[in-house]
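This report refers to the structure that appears directly beneath it.
Numbering (our numbering), first residue to last: 72 to 355.
Spelled out as structure tokens, the structure:
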């Protein structure tokens, strides 16, 4: 997170579970950080209705940004919009539908003039034995997880492709996974999509080098979206950090990467996993 002289407070969101099983946003005050730098920034989050995406939407909205998000789950999207007093824009989108995704981006360009921050968060997983996985299943995962990263990034590049547009601040953050570098059986589609995101991220960073736009990715480890209190001591203690991750851990990393002062971080993949990928694990 970044600091700003004269400002000593930050309102960020956290995530709780309500009796419907869906999370709700609330604010907690921290007296050492500042998010005022996001006031007036225009943010678009894909897959923003639940889990990590939801936490990202909440944090940017509470920090003063103008936030729009899309999701396939209309009920969850409407609920989040309502909880945030309809200060955010929600669009029901199946991101495998290129035309619909671009339609929403065009609506935002018309409404706001541009986008400053894109968080490509949407993702699905479907694990199945290699001998039973169909090509259609494999393609669907890539069409959902990987292809939209290119679609949204290209749309922003085209919209900003003017001398003034290239000078305007911008950030793209793509949510990958530690499964880009480690796997379990039956995860071919998911691993391929997340590995593709990491590679696409550094390619985009170079292509955007003529713009004032940085492109980075985040690879979360175990992030528990629901029933955190049901986790065992062993679940937490296996992590070098001593706990399982939460969606807020990833949302805070997004804010850090999107801070205007952090423009020297570019083309990087930030692993946020409590140290698990650095832990040597052998069976006794």
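From the three backbone atoms N, C-alpha and C, an ideal C-beta is built for every residue, glycine too.
Handout entry: Contiguous alpha helix (DSSP H) assignments of at least 4 residues, all confined to the stretch 200-232
Key = Counting only runs that start and end inside the stretch 200-232, the alpha helix (DSSP H) elements of at least 4 residues fall at 206-216 and 218-230.
Practice task
Flag this pair as touching only if the stretch 226-245 and the stretch 300-314 have three or more C-beta atom pairs under 8 Å; answer yes or no.
Solution key: Too few Cβ pairs lie closer than 8 Å, so no.
Practice task
Following the continuous beta strand (DSSP E) through residue 290, name the residue where it begins and the one where it ends.
Solution key: 284-291 is the span of the beta strand (DSSP E), which, as asked, contains residue 290.
Practice task
Flag this pair as yes or no: are the beta carbons of residue 343 and residue 317 separated by less than 8 Å?
Solution key: No, these two residues do not count as a Cβ contact at 8 Å.
Handout entry: Supposed close pair residue 137, residue 148 - CB separation, criterion 8 Å
Key = A Cβ-Cβ separation of about 17 Å leaves residue 137 out of contact with residue 148 under the 8 Å criterion.
Practice task
Could you tell me whether the stretch 279-297 touches the stretch 201-212, where touching means 3 or more Cβ pairs closer than 8 Å?
Solution key: In short, these stretches do not touch, since the Cβ pair count stays below three.
Practice task
Would you kindly check if the distance between the Cβ of residue 340 and the Cβ of residue 247 is under 8 Å?
Solution key: Yes.
Handout entry: Close Cβ partners of residue 196 (< 7 Å) along its chain, the five nearest in sequence each way excluded
Key = In chain order, 261 place their CB closer than 7 Å to the CB of residue 196, counting only its own chain and leaving out the 5 sequence neighbours on each side.
Exercise for the section: Pick helix, strand or coil for residue 92, following the three-state DSSP scheme. Expected result: Per-residue confidence for residue 92 stands at a pLDDT of 42, beneath the threshold of 50, marking its modelled position as unreliable; the derived number appears in the next sentence. It is coil, neither helix nor strand.
Handout entry: Beta-carbon proximity check, residue 123 vs residue 216, cutoff 8 Å
Key = Going by C-beta atoms, residue 123 is not nearer than 8 Å to residue 216.
Problem - Close-in-space but distant-in-sequence residues of the same chain around residue 118 (CB under 7 Å, 5 per side omitted) - result: Once the five neighbours on either side are set aside, the close Cβ partners of residue 118 are 124, 142, 192, 193 and 194.
Exercise for the section: Measure from the alpha carbon of residue 171 to the alpha carbon of each residue in 265, 213, 222 and 204, then state which is nearest. Expected result: Comparing Cα positions, the closest option is 222.
Handout entry: Cβ pair residue 328, residue 287 closer than 8 Å
Key = The answer is yes: Cβ separation under 8 Å.
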